[in-house]
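Terminal number for the sequence shown in my numbering: 162, no gaps in between.
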Amino acid sequence: MELRTDIFSLFNNEWALVTAGTRDSFNTMTVSWGGAGTLWGKSVVTVYVKPVRYTHGFLEENGLFTVSFYPESCRKALLLLGSESGRDGDKVKKSGLTPRFLENAVTFREAHTTLLCRKIYRQDMDAAAMPEKVVNAFYKTEAPHTMYIGEVVDIIK
Numbered sequence: 006m007e008l009r010t011d012i013f014s015l016f017n018n019e020w021a022l023v024t025a026g027t028r029d030s031f032n033t034m035t036v037s038w039g040g041a042g043t044l045w046g047k048s049v050v051t052v053y054v055k056p057v058r059y060t061h062g063f064l065e066e067n068g069l070f071t072v073s074f075y076p077e078s079c080r081k082a083l084l085l086l087g088s089e090s091g092r093d094g095d096k097v098k099k100s101g102l103t104p105r106f107l108e109n110a111v112t113f114r115e116a117h118t119t120l121l122c123r124k125i126y127r128q129d130m131d132a133a134a135m136p137e138k139v140v141n142a143f144y145k146t147e148a149p150h151t152m153y154i155g156e157v158v159d160i161i162k
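This is the structure in structure tokens:
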């Protein structure tokens, strides 16, 4: 299993979708905060999701999630999936992306790379441990993100 890329560019410039759930019930959202590296001798991906997001509940309830990356031609779909809630309707259908069902996980056919991850750690971020400037910019009205770390168990191209 090998991934050769500029991971900083993937998250920051191309964005990604984090998706959790099963064929019967899943949700996805756009993320641009994340990273990849090693932890406990494992290849891992870290993503950050606010508790108010609908996808947060799916990440809490499921042991697997995917982080998938897309070509520029999918930018409009990622904008929609990051700005609309799955609580309010079928945003996946509206996006035009095609769900691809894995065993106990979901990604999309349009992804050029999908990381299948097993959740190995989660932690609610603590605003008291953050610089005041960050709290004022991102957490004045909502709770801080939850950090999810997933062991990369497969890379799907």
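All C-beta atoms in this analysis are idealised placements derived from N, C-alpha and C, irrespective of residue type, glycine included.
- The way I'd put it, the region 19–36 doesn't touch the region 128–141; fewer than three beta-carbon pairs between them come closer than 8 Å.
- Comparing C-alpha distances from tyrosine 59 to each of Asp93, Ser48 and Arg28 shows the shortest one belongs to Asp93.
- Sorting Val111, Asn17 and Lys162 by C-alpha distance to the C-alpha of valine 52 places Asn17 at the top.
- By the CB criterion at 8 Å, leucine 121 and threonine 71 fall inside the cutoff.
- Of Ile161, Lys162, Ser30 and Glu65, the smallest CA-CA separation from histidine 150 is found for Glu65.
- When secondary structure is reduced to three states using DSSP, valine 57 falls in the coil class, being assigned neither helix nor strand.
- For serine 30, the enclosing beta strand (DSSP E) starts and ends at 30–36.
- In the three-state scheme derived from DSSP, where H, G and I count as helix and E and B as strand, glutamate 7 is classed as coil.
- DSSP places glycine 62 within a helical segment (H, G or I) once states are collapsed to three.
- DSSP, read as helix, strand or coil, puts glycine 68 in coil.
- The straight-line gap separating the alpha-carbon atoms of glycine 40 and glutamine 128 is approximately 15 Å.
- Taking phenylalanine 63 as the centre and dropping the five residues before and after it, the same chain places the C-beta of Ala25, Gly26, Phe31 and Asn32 closer than 7 Å to its C-beta, in chain order.
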